[in-house]
Structures are given as C-alpha cells and as structure tokens.
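Engineer: Could you have a look at this structure, given as structure tokens, before my questions?
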Amino acid sequence: MTLGHLAHPVLNRRELLAWSGALLGLPLLPDLATARDGGRAFNRAHGRVVFVYTPNGLIEETFRPASAGALPEDLPATLSPLHPFLNRLQVASGLTCDKARANGDGPGDHARASAAYLTGVQPLKSDGQISLGMSADQQLARSLLGRSRDASLALSMDRGRTTGQCDSGYSCAYQNHISWIDDTRPATLHEDPAQLFQRLFRIDPGRLEPEQRARRDARRERLLNRTQELARSLAREAPASDRSRLEQYREGLEELRQRFASGGAPQVDAEGLPPGSFERYSERADAMGSVLALALEQDCAPVATWMLGQEGSNRRFDELGLDEGHHGLSHHQGERSKVDSLCAIDLLHTERLARFTADLAERPCRDSDLLAHTLIVFGSGIRDGNRHDHHDLPVLLLGGEALQLPELLGRRGRHVVHPRETPFAGLLAMLLDSFGAGRRSAGFGDAHGPLDSAGVEGL
Amino acid sequence: MVLQRLRPDLILAHATLACLALGGSASSAEPGAPQESEASVHPTAAALDELAATEFEATLAPYLERHCALCHSGPEPRSDLDLTRFAQPSELAADEGLALRLLERVQRQEMPPIGPIPPTAAEDAEFIKALERLLEQSWSPKLPLLLPHATLRRLDRFELQRVLLDLLGVEVEESRLPTDGLARGWTHAGDGQWLTAVDVERWILLLEELALRAVPVLDGQSLTFAAGDLKGGDGRGDWRSLSSSGSVSANLADLRPGRYRVLVIVAADQAGPDLARFGLRWNERLLETLEVTGADRELVELEVELDLLDVTPESNLEIAFLNDYYEPDAEDRSERDRNLYVSALQLEGPLGTADPSLFLKRAGRLDLLGPALAEAPTEAVLRELLEPLSRSAWRGRPAEGAEFESVLTSVLVEPDLGAALRAGIVELLASPRFLFVGLESERSAAGRARDLATRMSLFLWGRLPDDDLLEAAASGRLDSSDGLIEQTVRMLRAPDSEALVQRLVDRWLGLAAFESVAVEAHLEPALALSMRRETELLVSAVLREDWPLKTLIDAEFTHVDERLSEHYGLPLIGASAGTASGGHRRVSLAGTERRGLLGHAAILSLTSEPNRTSAVRRGKWVLETLLNTPPPPPPPDVGSLDAVAAAHDATLAERLALHRAAPACAGCHTTMDAIGLDLESFGARGRRVPGSDAAPALRLAARLAGPAARPHEPGLRRSAVEHLAELALARPLELGDRPWLGSVFEQLERGPATLRTAVLGIVLSPAFRDPGPRQP
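Structure (structure tokens):
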C-alpha cells in the first residue's frame, strides 16, 4: 500500500490494520475520525521523533537478524540490550543512502554519509563552501513550529569544532552534523548535557518577583527590537553576500524574541540536572539521553537528532579497554580482534539506545507511555566501516505505537527487508507525510516517493 | 569572485587542488549578488593573457592538445582531469597546484605516457620552460590588481574570548560562544561562518550573564547584625560579651552563597602576654583568625573577605573567642582577665569573584560596588562607564553618535544603576557593530581607518584595537606607511602578539588537531602541553627575535622543560635559564640529529598514527605546510582499499611501494612517501628510534631550508606569507592578489627574510590597507 490510499475518505479493514500497525495489542486504538486523515493531526499534536545516529557503520553479523519476519527471542548480540522492547522494535533492512556514495566525487564516504543521511542530498565537495539541503528532522520541526518552545534539538556527543579539512576535501561541518537548517547551515549542536538542561529548564535564573520579571521581559523586548532594527538597516546597505550574515543574526534575534514571548520554561526538579563532567563516555551519553527524555516529556521540542558520535569519529573507548580509536578499528580488514572490538563498541552504543528507550518507556504519557508517542529511528549512513558502503544500512525503528503510522513504519517485532536499493530517504518521506510535514506522496531527497510495500519481506 | 563570475569554467574542477583556491566564497552564488557587466574584465587575468598569449598559443596549448587530450579531455576525463579546458593562459596559471604537478610529472617523464606520438625531449623542455615562465609572469608585481571582496565576518571564538576579557574582565568558556565555522581551516573567515537561532540565543543569554558578572548584583549587600541580633555570649546593652571560650553567632540561612566582605566591630579587655584573638567560623569550620589590636575596651573595626558557600538553614557565622586568659592572682588588676566584646557584625556581598568587578575596577569606580548600584541611575555615571566601553567595543566609533545616545536613553529607565549598567553592557555588545567586523568602511574615511585599525589588531593581537591604535586611526596616522609600520612594529613587540603565534601554530602548522591526536595516542597531558609549547616558542622566537624564516626548519636550538628533555633524552645542561618560559629553556641541538620543526615531538606525533609512524602523513604535512603544495585528494578512479587490503601482510614500505605502482597514485605518493620515509628515524612520539640512521632527516631539513630559485617559488616563504595573508584578510587569495603577493615575495628575497618582513609586507599591501569599497 502507498500513502496515496490515505486520501480515501472511507477506511477499509486492511487500511485500518495497516495504519494502526502493531498497536492493536495496546489500548490505544485511535478513533476513526483521527484515522481518516491518516492520524496526521494526532501525530502533529502528540508525536515525537528522535533520530539517533551512530558513526562508522555497524558489524553486520552481530546486528542483523538472520531472516526476515518475526524477530527471534535470541536477538543478535548487538541488539540484545533491546530485548525488553522486542515487541516495540523493527529492524529495517535493505535501505540505501545513494547520495553518500561517491557518484563521481571521489573519496569522502564519512563526510557524505552523515551529510546525506537525513537530507538525501549529495554534499558539495569543497573546502570552505558548504552546500547541502534541509534535513528531514528540520523539515518536520519547521512544520510543527509553534507547538513547543524549540522546533528541533540537535545533540551530539562530540564538540563540533574540528580542524581544517576533514574527510578528503569536504568541509568539516558535514561530518559533525546530520541536522541541517538549510543549504548552508547545520543546526547548532548541544554537546553538554548539563548545559542543555540549563538551556531547556533554567532560562529564568532564580525565581523572579513578578515585577522584576516584567521589567526583565520589557528590557529584553527593547534590546531585541532595537538590535534587530539596526541589523536590518545595516543589511540594507550591505552587499548581497554580507546581507545574509546580518539577516541570520536578525532572524536569530527575532526567534529569540518569540521564544521569550512564549513564556517561561517548564519547571522541573533540579534532580534532573546532570553533573558537569563525566569519567566515561557511556555515563555522559546516558545523561544526555535522560535530558532528552525529559525534554520530550515536557514537549520542549517535538523532534531531535542525537549523534552518538560524529561520522568518522575516532573516539577511543577506554572503558572497553580498547587501545585504538573507533574509526581506526572500523578499517578492520577482517581481523578478528578488531571486529570483536567493534562489536563491543556497537554494543556500547545500543546499550545507550536501550537506556534511552527504557527511560521513555518509564515515563507515562496520556494513556500509555512516552515511548509509544515517540518514534525512534536509529541508524548509520554507513553499512560496513571497512567497506564504506551505503546500501543495506543498519536501521532500527522503536516505539511510536500510539502514533498513526503506516504499516511499514509502524510494524513492530519484525525484521522487515526492503528490496535492494530502496532509498532510505523514502522512509523519511513516509515519516514526514504521516506528520503532514511533506506533500502527500511526494518524495524527499533522492526518494521519489514514500516507501512502497511491494517486494518487502517480513511484514 | 569577479573572476568566478567571468570564468565559471575555472572553478569547476580542482578548486581544492590549487594552493590559491580559486573562486572562494559561497556568497557569489547567491541570487542578488551584484552582476558585473558582461564587458567588465578581470584586469589581472587580461594583462597576464596579453603577456603570455604568444607562448601559450605556440607551445602550451598545442602540447596539452597533442599529448594529453587523448586521456584528459571529454565528458569523463581520466582522473577527473580535463587538460583541454584552458582557453587562456591565465586560466592555467590560476590553477597553480595543477600547473605545478604538470611540471613535476613531465620533468620526471612520468607523463605523458607512451602514446601514439610521444613528445620529443625538446618539446618537453619547451613545454616546461613555457609553463615556468607563465607561472613567473603570473606573480609579477607589475600586473594590475583585482582585490576580491571578503564576505562580512564576525569575531570568532578565539577573538571573542580575548575581547570579552578585555572589555568586561570576565573569562568565558569557548564552548559557550557562537559556533565557529571553518573555511580552508580558518574560523575567522566570513565565507565559512554562519549563525543559527540557537547560536544567537546562546549569545544574548551569555551577554546577560557576563553583564551580571561584570556588574554583580549585591542584594542583601549590607547585612548588619547589631549586638541584639547576635546569639550567644552575655547581652550587655550594645555589647555581647565573651568572658571565657565561647562564641556569638549570626544566623545566615538565607544568604546568597559567595564571597563576602565581613566587618566585625569588637573590643577586648586585654590581659596576659597575647592580644585577644577570635576566629570566624562558618558552618563550624574556622575560616579566619583575627587579633583585637586595640587597648582595653577600645572599639576596633576588623575587615576580612570570606567565602561563605554551602548555605543551609543552619548556617551560622560565628565569632569565637579563642584565647581566654584568667589569672585572678595577677598583681595588676587589669592583667587578670581577658574578655572579648562584640558590638556588631556587618556583611557585604556577595562579591562575585575574588576581584569583585574587574570592569568597575578598571574604570576606577570600585566605590560604586555596594549600595550605590541600588540607587537610581544617573546619566553622568552611565556615560562615564559606558562611553569607554562603546569606544572599545565599537572600535572608536564616536560616542556622541545617535546609536550610543539611544542606548543610554533606553537603559535610563531601569530602576537602579546596577540594572542600567548591565542593560547597557548587553545592548552595546549585542549590537552588530560589536560582533561583526568591517561595517564601518562604507560610511567615511574615518570609518575606513577604524576598520583598518580593527583588522590590524585582530590580525596581530586577536583582540580589538587599544587606545593607541584607535588614536592613530583617528588622527590619520594610519594613512601613511610610516604610521602603519610604527604601529605594526609596536604591536608585534607587545606580548599580545602571542595570539598571532597561537593562530599560526594552530592553523598553519596544524596543531589545532594536536590535542585530540594526543588523547588518541595516550600522550600524558602534561607532556603533550610541553610538546606544543616547544613549537609555539620556536615560532615566537622567529617572530620576535627576527630569525630568518628558514630557522623554522633548520633551528639548531629548541625549548624544552624537564619533562620534554627527558622524553627526548636531551640533557638540560648548558640551557640558558634566561629564556625560561613556562619551565621551558632554550637548549642547543648541536651534536644531535634534531633540527627545527621536523624535530619537534608535537609535529612528529601529529603526523603519526596513535601507535606507529606514518610516512604518508608526514610527507603530506611537509608538502602542505612547509611547501604549501598540498597534494590533491586521491582521484576518483583510485582503487586504494582493495589493493591495500590484498597486501595487508606486507610491510609498510612494501605497501607504500604497491600503492605508488598505480599511476594514479604515483604522482603524489612518490614525493610524499619519500619525504615521510626520510623522517622514519623519529618514532610516533618524536623520540629517536635507537640505531636508526638520522642522516636522511638532516638532509631533508637542509634541503627544505635551502634557498628558493625564484621569489614566488613554492616553499616555506610562500607558505608563511599566504597563511599570514589569509589570516589578515579573512578571505581566500585569488589570481588578482598575485601582483601584491609577488611584491611581498620580492621583499623577502631582498631580505631580511623574516616573519616580520612578511607581516609588514602584508599590512602595507593595498589588499590589507584598502580592501575597496563595499558596493551595496
């Protein structure tokens, strides 16, 4: 079935089944009126989407279930931390990110992998110039503007700053970001859980008296208006190339003004405040995960991206007793010890995912839990770090059962295998459409339309 | 950029291959960019075309057509390299990286390969000669200039950290500042920068916080406890008295944690050999011991600063009598009993940091810190404090301007002076006039002079102009070369030019990546720091002591501390203590195999894998950094992984040889690997490999430090000048820059060939002095 069916005014049994996906077992059966628009209104009001990215690919033998169909009780080792969510998990195989391939641009698979992952666009290869496209999370977030204080949160476990050229003549920004606001600007990363917490929940320092608050708000309003005015008049006089720089500043001031005007931050217990520093990567990642879970619960933002590592990351996992960095190991050339080390890293990453998933599952939301209202898309733009290939990507879908998702996105407890070369961007297109964030049956990036169930195995 | 619009074919390929990247900023691709009329001509390119036309048409173009086009032309040229796309000599000259590789490969007879009509030796020689001449002509100072527009830039994190410390006296963590973009490795170049809403939000909230640190809120600033408010001791009217060991205390459950100025008014009955002593205890911990210096029952005011942190509902500040004395039998009645009387306790604070407000202190108005900040703001005081700030932050923009006045009016509505000052600070620094660089020029000559001063100071100091420089700009002294030289020399001499050293080390030498490399390689952090310091000190010495540039490569001295000398196995004996800097001392390298940068552990580690050396990386670093001829990324048709995978049992040298065997790889790897292999006598962390032959490393250093055949020849000189110029101009260098760059190279040729000569050449260049009007 394709999303074209959604325009149909009457739902037949098949469609209802398809749309409700795996949630028949849960007491969440949507009313028919909601289902009739494909549940878009419901999703827009209550849905959350989180893209979790892992760099350098994953070792396939410990990740991918042997066959399509129901997920086995004994999950492959890398997936084993997700066993508690066996019935809330889909392994999606066969998806390809073609724009991460060279396509005549030569080396640079890491830069392209992260750049193309959520955009479906081939990045421009040039040192100093950036040209890409808006990423799916940003398109979704933009369509949900006004629902919450933030549209999308971009999280990363790495500091964005790196030096000079990164991967083979590409700008560094490609490797550090999967979330792109427009052709030239990646979304600013939050790298520190404590700072993110402060930003989301402590934008008002201390408890101000109403009178003080009013004065401060007036002061901010004055400042932002006046500064915008100046930026605008300077931009008018500036050459075109400079105008965009001043405009970006002015737009930022305006967005901040609206954010201030939208009222105070949600008040949450200071207990959620993570410490300022961590000994281990895993602790820091878990802290990041709990701040994100809290942010989703408070509906600070409906959409988030979370890079467990920047693409090509050479993080050294001391806590696993590993000497060599992640990227170095990923060129394993079949060497057993390196492959084993990589499996340990993959497992460390899926453990973080499982912790985050469990955190969402423990938080009540409406008449079920937060996980049921959150679709998690976990994956990498590289299949195998040793080969730098971009077909048959490792992709997991978790949660989101309360949302109104088409079967291909909503089916759980299955290993779903798409035909070879199915664009990953088709999954993004389908996701955007089920939130009413894209034109129906329109494509996204290099996908001409949403996923098609023809030829799919294991549903 | 004009070049780009005129000749789009030039930027299609190899932009990254060229040492001087052509094209450049993304801006020109934007709609609405001013369109040059079709008739307008790139003057540099046109003049060069005229100069070189005959030879191009007679020799260069026919050779390429006849001997290269078979493979390197058409829709899918070999190695993605189309050698028939040059319609004019200037197009070939502009892609200098490519031209140089053509020269090298023809000289080495690697190209063209045997074809249907192989070139004769004479043809090869003629081609080489013609191409060399073309390049030489393209660097001629006699050609007309075309200076491209630099995209509007903002202060980067490096600069903001320094500038905010200067302006407000507060330190800011780098990660809290707006994200740096990167263009050609630089964070300060406008074409690589962007701002998102999150960046702007962080920036404005950060400014609010910094303003609060600059002018702290002192609520509860004057907590006074009279005798009646204190607990403990015996109450006697205006006193609480302690006649034996014991204490009086003030409950401070609601105190804002921080540093406080604590005033105690006490008196004592003095008796015995010692003066009466008391302690100030906070949460039962003794923080300070004081002596009552007055005579019997004379009121004494004692003041100390205390950190009163960890406030709990039970928090008390106690005044504890520490040395009770009682000799009832003493002859002198007044010597029989020592008692302490407490009259009052006063707290002022919190004071913020140890130095409560550097901002007010520098303005000479620390006296305001206290009740005065809570009073209604007056225009006079605001003007006194905010005018100098606007002068620095807005780089000498006259304070009488309407913009400053409107800030002043706007903050005068605040209820108290503190709030008004803070609001003023935020307003002044949130202004685009602070964050962006170069907004003044189009207005007036005075504005252009201020922008020039700002460029100088950001270039040489990484901070905003000081009063001296602003004064020079205002008085027109920067219009003359003498004035520029005077200021540049002054600024290079000042310790602040360390910022220039830092940026050269980070970007030019590539040590910005060293920190993460050191972590990956398990380098002990202290050792990594002293390695980096060694390199900084060499660059600093070359800059400030006017050593010849080539000293960077052949210095027979270095700077080590104990840890690094131990690492090298280099005795510190004979080290001159006089040049000590952070524990580093200058030592002679005579009799060792280490010379210059290529003997520095930081460089040698930077260019190694975590566990082993990498000849390729070292070779690439030398080509890229010292010679300024970065090898291009591997061509698209290279099958590197499979070849290497097949040979993964081979040794490093064997694997490299295999790699070089492929013609697509050979072009670069022949040179790159040879250089790297010369340095194999140094291990992955810069230690000498025992028993290895160090002669190749010494020969390499000597060769790299040797004289250049022509002023513009790729090498250390050009690398230094071009990196300095990119730092100074915050934009890529283009063909239209070559005439003035050529004249800087000639100045260096005439000597002295020092970094200072290069810096002066750039500052005095038309590109730096007058980057041209910014057309709206």
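Residue numbers (this note's numbering), protein chains in the order written: chain X, 36 to 494; chain D, 214 to 989. The beta carbon of each residue, even a glycine, is placed where N, CA and C say it ideally should be. Bear in mind the structure is a predicted one, so any value in this text is a computation, not a measurement.
Please name the residue in X:Thr-113, X:Ala-150 and X:Ser-488 whose C-alpha comes closest to that of Pro-454 of chain X.
Structural biologist: As a first step, residue 454 of chain X is located in the first sequence; it is residue number 419 there, counting from the start. When each option's Cα is compared against that of Pro-454 of chain X, the closest is X:Ser-488.
Engineer: Taking 8 Å as the limit between beta carbons, can you name the residues of its chain near Thr-297 of chain D, skipping five residues before and five after?
Structural biologist: In the second sequence, counting from the first residue as 1, residue 297 of chain D sits at position 84. Counting only Cβ-Cβ distances below 8 Å, and skipping sequence neighbours, we find Leu-277, Glu-278, Cys-281, Ala-282, His-285 and Ser-286.
Engineer: Could you please give me the residues that DSSP links to Tyr-538 of chain D through a beta bridge?
Structural biologist: Taking the first residue of the second sequence as 1, we reach residue 538 of chain D at position 325. Partner(s): D:Arg-551.
Engineer: Using the Cα positions of Ala-659 of chain D and Glu-561 of chain D, report the straight-line distance between them to the nearest angstrom.
Structural biologist: Reading the second sequence from its first residue, position 446 is the one you call residue 659 of chain D. Reading the second sequence from its first residue, position 348 is the one you call residue 561 of chain D. Each residue's alpha carbon lies about 46 Å from the other.
Engineer: Starting from Ala-145 of chain X, trace the beta strand (DSSP E) in both directions and tell me its first and last residue.
Structural biologist: Your numbering for residue 145 of chain X matches position 110 in the first sequence. The sequence given here places His at residue 145 of chain X; Ala does not occur at that position. Run containing His-145 of chain X: none in the beta strand (DSSP E); it sits in the alpha helix (DSSP H), 144 to 152.
Engineer: Please list the terminal residues of the continuous alpha helix (DSSP H) segment that includes Val-714 of chain D.
Structural biologist: Counting from one through the second sequence, the residue named residue 714 of chain D turns up at place 501. From DSSP, the alpha helix (DSSP H) with Val-714 of chain D extends over 711 to 716.
Engineer: Would you identify the three-state DSSP class for His-780 of chain D, choosing helix, strand or coil?
Structural biologist: If you number the second sequence from 1, residue 780 of chain D lands on position 567. The answer is helix: DSSP assigns His-780 of chain D an H, G or I state.
Engineer: Output the residue ranges of the alpha helix (DSSP H) runs that lie fully inside the region 572 to 612 of chain D and measure 4 residues or longer, sorted by chain position.
Structural biologist: Counting whole runs of 4 or more residues, the region 572 to 612 of chain D contains the alpha helix (DSSP H) stretches 592 to 606.
Engineer: How is Cys-132 of chain X classed by DSSP in three states: helix, strand or coil?
Structural biologist: Looking up residue 132 of chain X in the first sequence gives position 97. Cys-132 of chain X falls in the coil class under three-state DSSP.
Engineer: Compute the distance between the beta-carbons of Arg-447 of chain X and Leu-494 of chain X, then report whether it is under 7 Å.
Structural biologist: In the first sequence, residue 447 of chain X corresponds to position 412, counting from 1. In the first sequence, residue 494 of chain X corresponds to position 459, counting from 1. Not in contact: Arg-447 of chain X and Leu-494 of chain X (Cβ atoms no closer than 7 Å).
Engineer: Alpha carbon to alpha carbon, how far is Pro-325 of chain X from Ala-229 of chain X?
Structural biologist: Along the first sequence, one-based indexing puts residue 325 of chain X at 290. Along the first sequence, one-based indexing puts residue 229 of chain X at 194. The sequence given here has Ser at residue 325 of chain X, not Pro. Near 11 Å, if we compare the C-alpha coordinates of Ala-229 of chain X and Ser-325 of chain X.
Engineer: Just to make sure I have the definition right: I need the residues of chain X whose C-beta is within less than 7 Å of the C-beta of Trp-407 of chain D. Which are they?
Structural biologist: In the second sequence, the residue the question calls residue 407 of chain D occupies position 194. Near Trp-407 of chain D (Cβ distances below 7 Å), the residues of chain X are Thr-219, Arg-220 and Gln-283.
Engineer: If you measure from the beta carbon of Thr-178 of chain D to each beta carbon in chain X, is any gap under 7 Å?
Structural biologist: There is no way to answer for residue 178 of chain D, as the model of chain D reaches only from 214 to 989.
Engineer: Going straight from the alpha carbon of His-450 of chain X to that of Gly-204 of chain X, what length do you get?
Structural biologist: Stepping through the first sequence from its first residue, residue 450 of chain X is reached at position 415. Stepping through the first sequence from its first residue, residue 204 of chain X is reached at position 169. Distance between the alpha carbons of His-450 of chain X and Gly-204 of chain X is about 37 Å.
Engineer: Tell me the rounded alpha-carbon separation between Asp-402 of chain X and Ala-328 of chain X.
Structural biologist: What you label residue 402 of chain X is simply residue 367 of the first sequence in a count that begins at 1. What you label residue 328 of chain X is simply residue 293 of the first sequence in a count that begins at 1. Straight-line Cα distance between these residues: approximately 18 Å.
Engineer: To the nearest angstrom, how far is the alpha carbon of Thr-198 of chain X from that of Ala-707 of chain D?
Structural biologist: Position 163 of the first sequence, counted from the start, is the residue given in the question as residue 198 of chain X. Position 494 of the second sequence, counted from the start, is the residue given in the question as residue 707 of chain D. For Thr-198 of chain X, the predicted model reports a pLDDT of 48, less than 50, meaning its position is unreliable; a value from the coordinates is still stated below. Their Cα atoms are separated by approximately 28 Å.
Engineer: Please classify Lys-16 of chain X: is it buried, with 16 or more other beta-carbons within 10 angstroms of its beta-carbon, or exposed?
Structural biologist: The structure shown does not extend to residue 16 of chain X, since chain X spans only 36 to 494, so no value can be given for it.
Engineer: List, in chain order, every chain D residue whose beta-carbon is nearer than 7 Å to that of Asn-349 of chain X.
Structural biologist: Indexing the first sequence from 1 puts residue 349 of chain X at position 314. Going along chain D in sequence order, the residues near Asn-349 of chain X (Cβ under 7 Å) are Glu-733.
Engineer: How many angstroms separate the CA atom of Gly-478 of chain X from the CA atom of Ala-189 of chain X?
Structural biologist: As a position in the first sequence, residue 478 of chain X is number 443, starting the count at 1. As a position in the first sequence, residue 189 of chain X is number 154, starting the count at 1. Looking at the two C-alpha atoms, the distance is approximately 24 Å.
Engineer: Which same chain residues, not among the five before or five after Leu-467 of chain X, have their C-beta less than 7 Å away from its C-beta?
Structural biologist: Position 432 of the first sequence, counted from the start, is the residue given in the question as residue 467 of chain X. Around Leu-467 of chain X: Ala-171, Gln-174, Leu-175, Gly-473 and Phe-479.
Engineer: Can you tell me which of the three DSSP states Tyr-473 of chain D falls into?
Structural biologist: Translated into positions along the second sequence, residue 473 of chain D becomes position 260. Tyr-473 of chain D: strand per DSSP, three-state reduction.
Engineer: Does Asp-184 of chain D have its Cβ less than 7 Å from a Cβ in chain X?
Structural biologist: This structure does not reach residue 184 of chain D, given that chain D is present from 214 up to 989, and the question cannot be answered.
Engineer: Going by DSSP, name the residue or residues bridged to Tyr-88 of chain X.
Structural biologist: Translated into positions along the first sequence, residue 88 of chain X becomes position 53. Partner(s): X:Met-342 and X:Gly-414.
Engineer: Let me make sure I understand the geometry here. Which of D:Gly-485, D:Ala-335, D:Val-376 and D:Ser-693 has the alpha-carbon closest to that of Val-540 of chain D?
Structural biologist: Counted from its first residue, the second sequence places residue 540 of chain D at position 327. Going by the sequence as given, residue 540 of chain D is Glu instead of Val. Ranking the options by Cα distance to Glu-540 of chain D, first place goes to D:Gly-485.
Engineer: Name, going along the chain, the residues of the region 633 to 650 of chain D whose beta-carbon falls closer than 8 Å to a beta-carbon of chain X.
Structural biologist: Answer set for the region 633 to 650 of chain D: Ala-636, Val-639, Glu-640, Ala-643, Ser-644, Pro-645, Arg-646, Leu-648 and Phe-649.
Engineer: Which partner residues of Asp-509 of chain D appear in the DSSP bridge assignment?
Structural biologist: Counted from its first residue, the second sequence places residue 509 of chain D at position 296. Answer by DSSP bridge pairing, in chain order: D:Ala-481.
Engineer: Do you know offhand how far Ile-975 of chain D's Cα is from Leu-929 of chain D's?
Structural biologist: Numbered from its first residue, the second sequence carries residue 975 of chain D at position 762. Numbered from its first residue, the second sequence carries residue 929 of chain D at position 716. Distance between the alpha carbons of Ile-975 of chain D and Leu-929 of chain D is about 16 Å.
Engineer: Would you say Ala-587 of chain D reaches chain X, if we count a Cβ-Cβ gap shorter than 7 Å as a contact?
Structural biologist: The residue labelled residue 587 of chain D in the question sits at position 374 within the second sequence. Not one chain X Cβ lies under 7 Å of Ala-587 of chain D.
Engineer: Here's the rule I'm using: 16 or more other beta-carbon atoms within 10 Å means buried, otherwise exposed. How should Leu-558 of chain D be labelled?
Structural biologist: Here residue 558 of chain D is taken as the residue at index 345 of the second sequence, counted from 1. Counting Cβ neighbours within 10 Å, Leu-558 of chain D comes out buried, since at least 16 surround it.
Engineer: With 7 Å set as the bound, which would you pick, yes or no: does the beta-carbon of Gln-248 of chain D sit closer than that to a beta-carbon of chain X?
Structural biologist: Locating residue 248 of chain D in the second sequence gives position 35, counting from the first residue. Because the pLDDT at Gln-248 of chain D is just 40, under 50, the model does not fix this residue reliably, and the point stays unresolved.
Engineer: Whose Cβ in chain X lies nearer than 8 Å to the Cβ of Glu-653 of chain D?
Structural biologist: The residue labelled residue 653 of chain D in the question sits at position 440 within the second sequence. Within 8 Å Cβ-Cβ: nothing; Glu-653 of chain D doesn't reach chain X, min ~10 Å.
Engineer: By Cβ distance below 6 Å, which residues in the same chain neighbour Pro-952 of chain D in space, the five residues on each side in sequence not counted?
Structural biologist: Position 739 of the second sequence, counted from the start, is the residue given in the question as residue 952 of chain D. Contacts found: Pro-354, Leu-356 and Leu-358.
Engineer: Using only the alpha-carbon positions, how far apart do Leu-311 of chain D and Ala-879 of chain D sit?
Structural biologist: Within the second sequence, the letter at position 98 stands for residue 311 of chain D. Within the second sequence, the letter at position 666 stands for residue 879 of chain D. About 15 Å.
Engineer: Alpha carbon to alpha carbon, what distance is there between Leu-377 of chain D and Leu-455 of chain D?
Structural biologist: Position 242 of the second sequence holds residue 455 of chain D. Position 164 of the second sequence holds residue 377 of chain D. Computed Cα separation, rounded: 50 Å.
Engineer: Would Leu-291 of chain X count as contacting chain D if we go by Cβ distances under 7 Å?
Structural biologist: By 1-based counting over the first sequence, the position of residue 291 of chain X is 256. Yes, contact with chain D.
Engineer: Curious, which full-length alpha helix (DSSP H) runs of at least 4 residues does the region 334 to 415 of chain X contain?
Structural biologist: As far as the region 334 to 415 of chain X is concerned, its whole alpha helix (DSSP H) runs of at least 4 residues are 361 to 365 and 371 to 397.
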